[in-house]
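I have placed the structure first, in the form of C-alpha coordinates, so that the comments after it can refer back to it.
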Amino acid sequence: MGEESKKEPLLLRKKVYYENCPGCKVEEYKDTHVGLPIKSLFSIWIIVLSAALPISSLFPFLYFMVRDFHIAEREEDISYYAGFVGSAFMFGRALTSVFWGIFADRYGRKPVMIIGIIIVVIFNTLFGLSVNFWMAITTRFLLGSLNGLLGPIKAYATEICRDEYQSLGLSTISTAWGIGLIIGPAIGGLLAQPAEKFPNIFSQGSLFGRFPYFLPCLCTSAFALVVFIGSFWLPETLHNHKDNSSKDDGFDALEAATFGSSAKEIEGTAPTSKKSLFKNWPLMSSIIVYCIFSLHDMAYTEIFSLWAVSPRKLGGMSYSTADVGEVLSVTGFGMLIFQLLIYPYVDRKFGPIILARICGILSIPLLQSYPFIALLSGFALSMVLNFASVVKNVLSITIITGLFVLQNRAVDQDQRGAANGLAMTSMSVFKAIGPACGGALVSWAQKRQHATFLPGSHMIFFLLNLVEVVGVLSTLKPFLVERLT
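Residue numbers (the working numbering): 529 to 1013.
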(Lines of atoms letter the chains of each structure in order from A and count residues from 1; the text may use other names and numbers.)
(Lines give C-alpha, C1' and ligand atoms only; values in the text may rest on other atoms or scores of the structure.)
Protein backbone atom coordinates (compact mmCIF):
# COMPACT_ATOMS: atom_id res chain seq x y z
CA MET A 1 0.00 0.00 0.00
CA GLY A 2 2.81 2.36 0.88
CA GLU A 3 4.48 1.74 -2.48
CA GLU A 4 1.23 2.32 -4.37
CA SER A 5 0.65 5.54 -2.45
CA LYS A 6 4.11 6.70 -3.33
CA LYS A 7 3.41 6.17 -7.03
CA GLU A 8 0.12 8.03 -6.96
CA PRO A 9 0.26 10.76 -9.63
CA LEU A 10 1.33 14.09 -8.17
CA LEU A 11 -1.21 16.05 -10.20
CA LEU A 12 -3.99 14.09 -8.47
CA ARG A 13 -2.72 14.98 -4.96
CA LYS A 14 -3.77 18.60 -5.27
CA LYS A 15 -3.90 19.34 -1.56
CA VAL A 16 -0.44 17.99 -0.65
CA TYR A 17 2.21 20.72 -0.52
CA TYR A 18 5.90 20.01 0.03
CA GLU A 19 8.02 22.31 2.11
CA ASN A 20 10.75 24.19 0.22
CA CYS A 21 9.21 23.27 -3.14
CA PRO A 22 8.68 26.48 -5.16
CA GLY A 23 6.04 24.84 -7.34
CA CYS A 24 4.02 23.77 -4.29
CA LYS A 25 4.24 27.27 -2.86
CA VAL A 26 2.75 28.65 -6.05
CA GLU A 27 0.00 26.00 -6.04
CA GLU A 28 -0.83 26.75 -2.42
CA TYR A 29 -0.96 30.47 -3.15
CA LYS A 30 -3.32 29.88 -6.10
CA ASP A 31 -5.61 27.75 -3.92
CA THR A 32 -5.87 30.47 -1.28
CA HIS A 33 -6.07 33.55 -3.55
CA VAL A 34 -8.94 33.58 -6.00
CA GLY A 35 -8.61 37.13 -7.34
CA LEU A 36 -7.12 38.33 -10.62
CA PRO A 37 -3.31 37.82 -10.46
CA ILE A 38 -2.49 41.37 -11.55
CA LYS A 39 1.10 41.31 -10.24
CA SER A 40 1.90 38.05 -12.02
CA LEU A 41 0.30 39.20 -15.26
CA PHE A 42 2.23 42.46 -15.19
CA SER A 43 5.51 40.61 -14.57
CA ILE A 44 4.85 38.31 -17.52
CA TRP A 45 3.87 41.26 -19.72
CA ILE A 46 6.98 43.28 -18.95
CA ILE A 47 9.37 40.33 -19.43
CA VAL A 48 7.89 39.38 -22.78
CA LEU A 49 7.93 43.01 -23.87
CA SER A 50 11.64 43.32 -23.05
CA ALA A 51 12.35 40.24 -25.19
CA ALA A 52 10.09 41.29 -28.07
CA LEU A 53 11.29 44.87 -28.53
CA PRO A 54 14.69 44.00 -30.08
CA ILE A 55 13.29 41.41 -32.47
CA SER A 56 11.73 43.85 -34.89
CA SER A 57 13.11 47.22 -33.76
CA LEU A 58 15.65 47.03 -36.59
CA PHE A 59 13.16 46.79 -39.46
CA PRO A 60 12.52 50.54 -40.00
CA PHE A 61 16.25 51.31 -40.23
CA LEU A 62 17.49 47.97 -41.59
CA TYR A 63 17.25 49.17 -45.19
CA PHE A 64 19.47 52.16 -44.39
CA MET A 65 21.82 50.14 -42.19
CA VAL A 66 22.50 47.64 -44.98
CA ARG A 67 22.88 50.51 -47.42
CA ASP A 68 25.53 52.04 -45.14
CA PHE A 69 27.41 48.72 -45.05
CA HIS A 70 27.94 49.14 -48.85
CA ILE A 71 27.47 45.43 -49.48
CA ALA A 72 24.70 45.83 -52.08
CA GLU A 73 25.84 46.80 -55.58
CA ARG A 74 22.43 48.15 -56.64
CA GLU A 75 19.63 49.90 -54.77
CA GLU A 76 17.23 47.06 -55.66
CA ASP A 77 19.56 44.56 -53.91
CA ILE A 78 19.46 46.26 -50.49
CA SER A 79 16.23 44.49 -49.50
CA TYR A 80 17.79 41.14 -50.46
CA TYR A 81 20.67 41.54 -47.98
CA ALA A 82 18.38 43.06 -45.37
CA GLY A 83 16.39 39.82 -45.39
CA PHE A 84 19.39 37.83 -44.16
CA VAL A 85 19.97 40.15 -41.22
CA GLY A 86 16.28 39.93 -40.35
CA SER A 87 16.38 36.12 -40.51
CA ALA A 88 19.50 35.61 -38.38
CA PHE A 89 17.65 36.00 -35.07
CA MET A 90 14.99 33.41 -35.89
CA PHE A 91 17.51 31.00 -37.38
CA GLY A 92 19.48 31.10 -34.13
CA ARG A 93 16.35 30.58 -32.06
CA ALA A 94 15.29 27.63 -34.22
CA LEU A 95 18.51 25.81 -33.32
CA THR A 96 18.16 26.13 -29.54
CA SER A 97 14.48 26.44 -28.59
CA VAL A 98 14.04 22.75 -27.77
CA PHE A 99 17.18 22.86 -25.63
CA TRP A 100 15.86 25.84 -23.66
CA GLY A 101 12.48 24.15 -23.25
CA ILE A 102 14.08 20.99 -21.84
CA PHE A 103 16.38 23.12 -19.69
CA ALA A 104 13.30 24.86 -18.26
CA ASP A 105 11.65 21.50 -17.48
CA ARG A 106 14.77 20.33 -15.67
CA TYR A 107 16.07 23.44 -13.89
CA GLY A 108 13.07 25.76 -13.83
CA ARG A 109 11.38 28.51 -15.84
CA LYS A 110 12.97 31.36 -13.92
CA PRO A 111 16.64 30.69 -14.83
CA VAL A 112 15.77 30.58 -18.53
CA MET A 113 13.92 33.89 -18.28
CA ILE A 114 16.79 35.57 -16.43
CA ILE A 115 19.39 34.29 -18.90
CA GLY A 116 17.25 35.38 -21.84
CA ILE A 117 16.85 38.93 -20.59
CA ILE A 118 20.57 39.50 -19.94
CA ILE A 119 21.32 38.13 -23.42
CA VAL A 120 19.06 40.85 -24.81
CA VAL A 121 21.04 43.47 -22.91
CA ILE A 122 24.40 42.25 -24.25
CA PHE A 123 23.82 41.32 -27.88
CA ASN A 124 21.18 43.88 -28.74
CA THR A 125 23.63 46.56 -27.62
CA LEU A 126 26.40 45.02 -29.74
CA PHE A 127 24.10 44.91 -32.77
CA GLY A 128 23.66 48.67 -32.54
CA LEU A 129 27.44 49.01 -32.71
CA SER A 130 27.77 46.84 -35.84
CA VAL A 131 30.32 48.18 -38.30
CA ASN A 132 29.73 45.69 -41.12
CA PHE A 133 27.21 43.23 -42.51
CA TRP A 134 28.76 40.15 -40.89
CA MET A 135 28.90 41.67 -37.41
CA ALA A 136 25.20 42.48 -37.72
CA ILE A 137 24.41 38.91 -38.79
CA THR A 138 26.48 37.40 -35.95
CA THR A 139 25.06 39.51 -33.14
CA ARG A 140 21.49 38.87 -34.30
CA PHE A 141 22.16 35.13 -34.53
CA LEU A 142 23.59 35.00 -31.00
CA LEU A 143 20.72 37.10 -29.69
CA GLY A 144 18.29 34.52 -31.05
CA SER A 145 20.15 31.34 -30.11
CA LEU A 146 20.96 32.33 -26.51
CA ASN A 147 17.57 33.88 -25.67
CA GLY A 148 15.10 31.05 -25.11
CA LEU A 149 12.56 32.60 -22.75
CA LEU A 150 9.46 32.76 -24.95
CA GLY A 151 8.65 29.04 -24.80
CA PRO A 152 9.20 28.62 -21.03
CA ILE A 153 7.33 31.81 -20.17
CA LYS A 154 4.22 30.43 -21.86
CA ALA A 155 4.50 27.43 -19.56
CA TYR A 156 5.12 29.83 -16.67
CA ALA A 157 1.96 31.81 -17.49
CA THR A 158 -0.25 28.72 -17.35
CA GLU A 159 1.34 27.61 -14.06
CA ILE A 160 1.30 30.94 -12.21
CA CYS A 161 -2.40 31.56 -12.98
CA ARG A 162 -5.45 29.71 -11.73
CA ASP A 163 -7.32 27.67 -14.34
CA GLU A 164 -9.90 30.38 -14.97
CA TYR A 165 -7.14 32.92 -15.72
CA GLN A 166 -4.85 30.77 -17.92
CA SER A 167 -6.28 32.12 -21.16
CA LEU A 168 -5.76 35.63 -19.83
CA GLY A 169 -2.16 34.75 -18.95
CA LEU A 170 -1.46 33.51 -22.47
CA SER A 171 -3.28 36.51 -23.91
CA THR A 172 -0.94 38.69 -21.84
CA ILE A 173 2.03 37.04 -23.55
CA SER A 174 0.67 37.46 -27.05
CA THR A 175 -0.36 41.05 -26.26
CA ALA A 176 3.10 41.95 -24.96
CA TRP A 177 4.70 40.10 -27.86
CA GLY A 178 2.53 41.80 -30.45
CA ILE A 179 2.96 45.23 -28.90
CA GLY A 180 6.71 44.65 -28.65
CA LEU A 181 6.82 43.76 -32.34
CA ILE A 182 5.04 47.05 -33.06
CA ILE A 183 6.57 49.40 -30.49
CA GLY A 184 10.04 47.99 -31.25
CA PRO A 185 9.97 49.24 -34.86
CA ALA A 186 8.41 52.50 -33.63
CA ILE A 187 11.41 53.03 -31.33
CA GLY A 188 13.77 52.02 -34.11
CA GLY A 189 12.17 54.37 -36.58
CA LEU A 190 12.00 57.37 -34.25
CA LEU A 191 15.47 57.07 -32.69
CA ALA A 192 17.62 55.81 -35.58
CA GLN A 193 20.00 58.34 -37.16
CA PRO A 194 19.62 60.83 -34.28
CA ALA A 195 22.41 63.09 -35.54
CA GLU A 196 20.32 63.79 -38.64
CA LYS A 197 17.00 64.15 -36.83
CA PHE A 198 18.19 65.97 -33.71
CA PRO A 199 21.39 67.81 -34.70
CA ASN A 200 21.06 70.19 -31.75
CA ILE A 201 21.38 67.27 -29.35
CA PHE A 202 23.58 64.75 -31.21
CA SER A 203 26.52 65.91 -33.30
CA GLN A 204 27.91 63.97 -36.26
CA GLY A 205 31.14 63.41 -34.35
CA SER A 206 29.44 61.94 -31.27
CA LEU A 207 29.01 58.24 -30.53
CA PHE A 208 25.47 58.35 -31.91
CA GLY A 209 26.67 60.15 -35.02
CA ARG A 210 29.32 57.51 -35.73
CA PHE A 211 26.89 54.71 -34.92
CA PRO A 212 23.55 56.05 -36.24
CA TYR A 213 21.57 52.92 -35.27
CA PHE A 214 22.93 52.53 -31.75
CA LEU A 215 20.46 54.76 -29.86
CA PRO A 216 17.32 52.61 -30.39
CA CYS A 217 19.28 49.48 -29.47
CA LEU A 218 20.65 51.18 -26.35
CA CYS A 219 17.18 52.24 -25.22
CA THR A 220 15.68 48.75 -25.59
CA SER A 221 18.72 47.22 -23.87
CA ALA A 222 18.43 49.67 -20.96
CA PHE A 223 14.78 48.70 -20.54
CA ALA A 224 15.76 45.01 -20.57
CA LEU A 225 18.41 45.68 -17.91
CA VAL A 226 15.76 47.09 -15.55
CA VAL A 227 13.57 44.06 -16.20
CA PHE A 228 16.55 41.75 -15.62
CA ILE A 229 17.08 43.19 -12.14
CA GLY A 230 13.40 42.92 -11.26
CA SER A 231 13.11 39.32 -12.53
CA PHE A 232 15.15 37.98 -9.60
CA TRP A 233 12.07 38.44 -7.39
CA LEU A 234 9.86 36.22 -9.55
CA PRO A 235 8.57 32.98 -7.99
CA GLU A 236 9.58 29.67 -9.57
CA THR A 237 6.69 27.41 -10.64
CA LEU A 238 8.50 24.11 -11.29
CA HIS A 239 8.14 21.43 -8.61
CA ASN A 240 11.42 20.06 -7.23
CA HIS A 241 10.48 17.54 -4.52
CA LYS A 242 11.75 13.99 -4.75
CA ASP A 243 8.68 12.19 -6.05
CA ASN A 244 8.19 14.71 -8.82
CA SER A 245 10.36 13.78 -11.76
CA SER A 246 9.16 16.54 -14.03
CA LYS A 247 12.79 17.53 -14.33
CA ASP A 248 13.26 14.56 -16.67
CA ASP A 249 9.95 14.75 -18.49
CA GLY A 250 11.18 16.97 -21.30
CA PHE A 251 13.84 14.40 -22.17
CA ASP A 252 11.41 11.49 -21.77
CA ALA A 253 8.84 13.17 -23.99
CA LEU A 254 11.37 13.53 -26.77
CA GLU A 255 12.69 10.00 -26.17
CA ALA A 256 9.16 8.70 -26.52
CA ALA A 257 8.95 10.36 -29.90
CA THR A 258 12.08 8.51 -30.99
CA PHE A 259 11.71 5.11 -29.33
CA GLY A 260 7.93 4.79 -29.21
CA SER A 261 5.81 3.48 -26.39
CA SER A 262 8.69 1.53 -24.87
CA ALA A 263 9.88 4.70 -23.15
CA LYS A 264 9.75 4.32 -19.38
CA GLU A 265 6.73 5.45 -17.40
CA ILE A 266 7.53 8.45 -15.25
CA GLU A 267 6.71 8.15 -11.62
CA GLY A 268 4.95 10.94 -9.78
CA THR A 269 3.34 12.54 -12.83
CA ALA A 270 0.05 12.36 -14.64
CA PRO A 271 -0.39 9.31 -16.88
CA THR A 272 -0.25 11.41 -20.07
CA SER A 273 3.31 12.56 -19.36
CA LYS A 274 4.76 9.43 -21.02
CA LYS A 275 3.01 10.25 -24.28
CA SER A 276 5.19 11.39 -27.16
CA LEU A 277 4.82 15.05 -28.02
CA PHE A 278 5.00 14.14 -31.69
CA LYS A 279 2.03 11.78 -31.28
CA ASN A 280 -0.05 14.45 -29.55
CA TRP A 281 -2.08 15.64 -32.55
CA PRO A 282 -3.88 18.54 -30.80
CA LEU A 283 -0.40 19.90 -29.96
CA MET A 284 1.22 19.18 -33.31
CA SER A 285 -1.69 20.50 -35.38
CA SER A 286 -1.72 23.79 -33.42
CA ILE A 287 2.07 24.07 -33.85
CA ILE A 288 1.82 23.55 -37.62
CA VAL A 289 -0.90 26.18 -37.99
CA TYR A 290 1.09 28.47 -35.70
CA CYS A 291 4.13 28.06 -37.97
CA ILE A 292 2.16 28.98 -41.09
CA PHE A 293 0.77 32.17 -39.58
CA SER A 294 4.18 32.99 -38.05
CA LEU A 295 5.78 32.75 -41.50
CA HIS A 296 3.17 35.14 -42.81
CA ASP A 297 3.46 37.59 -39.91
CA MET A 298 7.25 37.78 -39.97
CA ALA A 299 7.34 38.20 -43.73
CA TYR A 300 4.69 40.92 -43.44
CA THR A 301 6.66 42.75 -40.72
CA GLU A 302 9.79 42.79 -42.89
CA ILE A 303 7.93 43.65 -46.08
CA PHE A 304 5.88 46.46 -44.55
CA SER A 305 8.92 48.42 -43.40
CA LEU A 306 10.90 47.81 -46.61
CA TRP A 307 7.88 48.70 -48.74
CA ALA A 308 7.14 51.85 -46.76
CA VAL A 309 10.66 53.29 -47.00
CA SER A 310 11.20 52.30 -50.64
CA PRO A 311 11.04 55.09 -53.24
CA ARG A 312 7.69 55.71 -54.93
CA LYS A 313 9.25 54.87 -58.28
CA LEU A 314 9.72 51.34 -56.93
CA GLY A 315 6.16 51.05 -55.63
CA GLY A 316 6.84 52.23 -52.06
CA MET A 317 5.81 55.36 -50.20
CA SER A 318 9.19 57.08 -49.69
CA TYR A 319 8.64 57.10 -45.93
CA SER A 320 11.42 57.99 -43.52
CA THR A 321 12.26 55.86 -40.49
CA ALA A 322 10.38 58.39 -38.35
CA ASP A 323 7.26 58.07 -40.54
CA VAL A 324 7.32 54.28 -40.16
CA GLY A 325 7.83 54.69 -36.42
CA GLU A 326 4.74 56.90 -36.16
CA VAL A 327 2.57 54.41 -38.02
CA LEU A 328 3.73 51.55 -35.82
CA SER A 329 3.23 53.60 -32.64
CA VAL A 330 -0.41 54.14 -33.54
CA THR A 331 -0.70 50.44 -34.38
CA GLY A 332 0.72 49.42 -31.00
CA PHE A 333 -1.74 51.63 -29.14
CA GLY A 334 -4.64 50.22 -31.13
CA MET A 335 -3.54 46.65 -30.38
CA LEU A 336 -3.31 47.40 -26.66
CA ILE A 337 -6.86 48.76 -26.56
CA PHE A 338 -8.16 45.77 -28.51
CA GLN A 339 -6.48 43.16 -26.30
CA LEU A 340 -7.59 44.77 -23.06
CA LEU A 341 -11.18 45.65 -23.96
CA ILE A 342 -12.35 43.55 -26.89
CA TYR A 343 -10.34 40.32 -27.18
CA PRO A 344 -11.62 38.61 -23.97
CA TYR A 345 -15.19 39.06 -25.17
CA VAL A 346 -14.70 37.77 -28.72
CA ASP A 347 -12.62 34.84 -27.44
CA ARG A 348 -15.48 33.74 -25.17
CA LYS A 349 -17.96 34.30 -27.98
CA PHE A 350 -16.26 32.34 -30.76
CA GLY A 351 -13.44 30.26 -29.25
CA PRO A 352 -9.82 30.21 -30.49
CA ILE A 353 -10.29 28.10 -33.63
CA ILE A 354 -13.28 29.89 -35.17
CA LEU A 355 -11.78 33.26 -34.22
CA ALA A 356 -8.50 32.41 -35.97
CA ARG A 357 -10.43 31.35 -39.06
CA ILE A 358 -12.46 34.58 -39.19
CA CYS A 359 -9.39 36.80 -38.68
CA GLY A 360 -7.46 34.97 -41.39
CA ILE A 361 -10.26 35.45 -43.90
CA LEU A 362 -10.60 39.17 -43.10
CA SER A 363 -6.84 39.68 -43.57
CA ILE A 364 -6.88 38.63 -47.23
CA PRO A 365 -8.80 41.55 -48.83
CA LEU A 366 -7.13 43.98 -46.44
CA LEU A 367 -3.63 42.96 -47.53
CA GLN A 368 -4.48 43.10 -51.23
CA SER A 369 -5.56 46.73 -50.79
CA TYR A 370 -2.07 47.87 -49.70
CA PRO A 371 -0.73 48.66 -53.22
CA PHE A 372 -3.72 50.94 -53.76
CA ILE A 373 -3.09 52.67 -50.43
CA ALA A 374 0.37 53.63 -51.73
CA LEU A 375 -1.33 55.66 -54.49
CA LEU A 376 -2.72 58.08 -51.90
CA SER A 377 -0.83 61.04 -50.50
CA GLY A 378 -0.90 63.52 -47.66
CA PHE A 379 -3.47 63.21 -44.87
CA ALA A 380 -5.52 60.58 -46.72
CA LEU A 381 -2.48 58.29 -46.97
CA SER A 382 -1.68 58.72 -43.29
CA MET A 383 -5.25 58.00 -42.14
CA VAL A 384 -5.87 54.99 -44.35
CA LEU A 385 -2.45 53.43 -43.74
CA ASN A 386 -2.73 53.79 -39.96
CA PHE A 387 -6.19 52.23 -39.99
CA ALA A 388 -5.08 49.33 -42.20
CA SER A 389 -1.99 48.70 -40.08
CA VAL A 390 -4.01 48.62 -36.84
CA VAL A 391 -6.60 46.23 -38.26
CA LYS A 392 -4.01 43.93 -39.86
CA ASN A 393 -1.98 43.58 -36.67
CA VAL A 394 -5.08 43.14 -34.48
CA LEU A 395 -6.18 40.27 -36.72
CA SER A 396 -2.72 38.69 -36.58
CA ILE A 397 -2.33 38.89 -32.82
CA THR A 398 -5.80 37.43 -32.31
CA ILE A 399 -4.83 34.38 -34.37
CA ILE A 400 -1.55 33.90 -32.50
CA THR A 401 -3.21 34.24 -29.09
CA GLY A 402 -5.74 31.53 -29.91
CA LEU A 403 -2.99 29.17 -31.06
CA PHE A 404 -1.03 29.85 -27.84
CA VAL A 405 -4.08 28.73 -25.88
CA LEU A 406 -4.52 25.57 -27.94
CA GLN A 407 -0.85 24.58 -27.55
CA ASN A 408 -0.77 24.92 -23.78
CA ARG A 409 -4.10 23.14 -23.31
CA ALA A 410 -2.77 20.19 -25.31
CA VAL A 411 -0.15 19.11 -22.71
CA ASP A 412 0.21 18.78 -18.94
CA GLN A 413 2.67 20.76 -16.83
CA ASP A 414 5.46 18.21 -16.93
CA GLN A 415 5.70 18.49 -20.74
CA ARG A 416 4.81 22.13 -21.12
CA GLY A 417 8.37 23.46 -21.28
CA ALA A 418 9.44 20.90 -23.88
CA ALA A 419 6.20 21.40 -25.84
CA ASN A 420 6.67 25.16 -25.99
CA GLY A 421 10.32 24.66 -26.89
CA LEU A 422 9.26 22.43 -29.77
CA ALA A 423 6.73 25.07 -30.85
CA MET A 424 9.41 27.79 -30.68
CA THR A 425 11.86 25.73 -32.74
CA SER A 426 9.31 25.02 -35.44
CA MET A 427 8.00 28.58 -35.47
CA SER A 428 11.51 30.05 -35.51
CA VAL A 429 12.40 28.06 -38.63
CA PHE A 430 9.41 29.56 -40.41
CA LYS A 431 10.09 33.02 -39.00
CA ALA A 432 13.69 32.77 -40.19
CA ILE A 433 12.41 32.00 -43.67
CA GLY A 434 9.96 34.90 -43.51
CA PRO A 435 12.34 37.89 -43.49
CA ALA A 436 14.74 36.28 -45.98
CA CYS A 437 11.93 35.49 -48.40
CA GLY A 438 10.27 38.83 -47.69
CA GLY A 439 13.43 40.79 -48.46
CA ALA A 440 14.11 38.78 -51.61
CA LEU A 441 10.46 39.15 -52.67
CA VAL A 442 10.55 42.95 -52.31
CA SER A 443 13.82 43.11 -54.24
CA TRP A 444 12.41 40.92 -57.05
CA ALA A 445 9.06 42.71 -57.22
CA GLN A 446 10.71 46.12 -57.45
CA LYS A 447 12.41 44.97 -60.65
CA ARG A 448 9.09 44.16 -62.34
CA GLN A 449 7.24 47.45 -62.01
CA HIS A 450 5.89 47.22 -65.56
CA ALA A 451 4.91 43.56 -65.64
CA THR A 452 1.52 42.69 -67.13
CA PHE A 453 0.44 40.33 -64.33
CA LEU A 454 0.47 41.77 -60.78
CA PRO A 455 3.21 44.37 -61.26
CA GLY A 456 5.45 45.52 -58.41
CA SER A 457 3.94 45.52 -54.94
CA HIS A 458 0.73 43.85 -56.16
CA MET A 459 2.70 40.61 -56.50
CA ILE A 460 4.21 41.05 -53.02
CA PHE A 461 0.87 41.17 -51.24
CA PHE A 462 -0.66 38.51 -53.50
CA LEU A 463 2.03 36.02 -52.43
CA LEU A 464 1.57 37.01 -48.78
CA ASN A 465 -2.12 36.26 -49.20
CA LEU A 466 -1.37 32.80 -50.57
CA VAL A 467 0.34 31.97 -47.28
CA GLU A 468 -2.64 33.39 -45.38
CA VAL A 469 -5.02 31.18 -47.40
CA VAL A 470 -2.99 28.09 -46.50
CA GLY A 471 -3.19 29.13 -42.85
CA VAL A 472 -6.96 29.58 -42.98
CA LEU A 473 -7.48 26.20 -44.67
CA SER A 474 -5.33 24.53 -42.00
CA THR A 475 -7.74 25.72 -39.28
CA LEU A 476 -10.49 23.49 -40.70
CA LYS A 477 -11.37 20.06 -39.34
CA PRO A 478 -10.05 17.41 -39.22
CA PHE A 479 -6.62 19.07 -39.39
CA LEU A 480 -6.77 21.45 -36.40
CA VAL A 481 -8.31 19.85 -33.33
CA GLU A 482 -8.62 20.93 -29.70
CA ARG A 483 -7.73 18.67 -26.80
CA LEU A 484 -10.78 17.35 -24.97
CA THR A 485 -10.50 17.81 -21.20
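Positions of the beta carbon are idealized from the N, C-alpha and C atoms, including for glycine. Fair warning: this is a prediction, and the values are worked out from it, not measured in the lab.
Check	Outcome
Unbroken alpha helix (DSSP H) run spanning residue 634, endpoints	606-635
Beta-carbon gap between residue 826 and residue 618 smaller than 8 Å	yes
Selection from 677, 909, 696 and 722 that minimises the alpha carbon distance to residue 524	Lying outside 529 to 1013, the shown extent of the chain, residue 524 is not represented and no answer is given.
Pair within 8 Å by beta-carbon distance, residue 625 and residue 956	yes
C-beta contact flag for residue 702 and residue 1003 at 8 Å	no
Cα-Cα separation, residue 865 to residue 918	11 Å
Reference residue 546; option with closest CA among 675, 655 and 768	768
The segment 961-973 contacting the segment 601-617, beta-carbon criterion three pairs below 8 Å	yes
Same chain only: Cβ atoms within 6 Å of residue 857, ignoring 5 sequence neighbours per side	714
Unbroken alpha helix (DSSP H) run spanning residue 1005, endpoints	Premise fails: residue 1005 is in no alpha helix (DSSP H) and is neither H nor E.
Counted within 10 angstroms of its Cβ, other Cβ atoms place residue 565 as buried (16 or more) or exposed	buried
Exposure label - residue 563; buried when at least 16 CB within 10 Å	exposed
Close-in-space but distant-in-sequence residues of the same chain around residue 927 (CB under 7 Å, 5 per side omitted)	821, 884, 887 and 888
Which listed residue (646, 680 and 622) has its alpha carbon closest to that of residue 672	622
Check whether residue 587 and residue 708 have beta carbons under 8 Å apart	no
With 16 other Cβ atoms within 10 Å as the buried cut-off, status of residue 1007	exposed
Closest residue to residue 659 among 766, 678, 742 and 832 (Cα-Cα distance)	742
Proximity of residue 833 and residue 899 at Cβ, strictly below 8 Å	no
C-alpha gap between residue 644 and residue 840, whole angstroms	40 Å
DSSP three-state assignment for residue 767, whether helix, strand or coil	coil
Length-filtered (4 minimum) alpha helix (DSSP H) runs lying within the segment 856-904	871-878, 880-896 and 898-901
Simplified DSSP state of residue 980, which is helix, strand or coil	coil
Bounding residues of the alpha helix (DSSP H) (the contiguous stretch that carries residue 830)	809-837
Own chain partners of residue 1009 with C-beta closer than 7 Å, once the 5 adjacent residues on each side are dropped	809, 810 and 813
When 992, 862, 766 and 861 are compared against residue 629, the one with the closest alpha-carbon	766
CB-CB length for residue 641 against residue 759, believed under 8 Å	6 Å
Local conformation of residue 940 per DSSP, three classes	coil
For residue 562, the three-state DSSP class (helix, strand or coil)	coil
Selection from 578, 647, 557 and 695 that minimises the alpha carbon distance to residue 931	695
Burial state of residue 727 (16 or more Cβ within 10 Å)	exposed
Other residues of its chain near residue 693: CB distance less than 7 Å, five sequence neighbours each side excluded	564 and 565
CA-to-CA distance, residue 597 to residue 735, given in whole angstroms	17 Å
Residue 952 (DSSP reduced to helix, strand or coil)	helix
Within-8 Å CB hit, residue 953 to chain D	Protein chain content of the structure displayed is limited to a single chain, and chain D is not contained in it.
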